[in-house]
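Everything on this sheet refers to the single structure shown next.
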Amino acid sequence: MIELKVTAADRRIARYSAAAIALTIAEAAIPTPLPGVKPGLANIIVLVVLAKHGWREAAWVSVLRVLAGSLLVGQFLAPGFFLGLTGATAALIVLALAEALPWKWFGTVTRSILAAFAHIGGQVLLARVWLVPHDGVYYLVPIFATFALVFGVINGLVAARLLAEESA
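Each residue of the sequence shown is one higher than the one before, starting from 0 at the first, in numbering that gives the first Met the number 0.
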């Protein structure tokens, strides 16, 4: 019998992932003005984990959220799953690069905006290459970028508020 040791970090990642998955499921029920436009509520959890526990744990939470969330909403291996996974991967890459930026000047809101733009950028590129093989998809970029900015700011402010309340 192989017994795996469960660490405090494993439990923490599981708790944060469960919260992110719950937000993903709740978000799936929210009507959207345009297909693909979602507030990205689960990204609030990823930002909190990033600020408190670092990129590695934030990456685990993000990937587990995409996998489990897609299974629970019935999108696993559907185009929406691959779009979400691509967006999450792009956002994680940008957040990894942003680790070099000082938190003092580039805080949670800035990182949220960067991640939101990376997320939608990755999704648009995948959609262009795979789903819509026409340059017309790029006409949607200003609309998606506007929503990414708005939701990036809102999610960053919520995450910053949660972090401030925990440290108080």
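Glycine included, every Cβ here is placed at the ideal spot set by N, Cα and C.
Practice item. Identify the continuous alpha helix (DSSP H) that holds F146 and give its terminal residues. Key: Its alpha helix (DSSP H) spans residues V140 to S166.
Check your understanding: Are the CB atoms of F173 and V36 nearer to each other than 8 Å?
Key -> Residue numbering for the chain in the displayed model covers 0 to 167; residue 173 lies beyond these limits and cannot be assessed.
Review point. Quick one: what does DSSP say K103 is sitting in, helix, strand or coil?
Key: In this structure, K103 counts as coil in the three-state DSSP scheme.
Point to revise | Sub-8 Å separation of V60 and S16 beta-carbons | key: For V60 and S16, yes; Cβs fall inside 8 Å.
Point to revise | Contact under 8 Å by Cβ, V108 with L139 | key: no
Exercise for review: Verify whether the separation of the beta carbon atoms of F150 and P32 is less than 8 Å.
Suggested key: no
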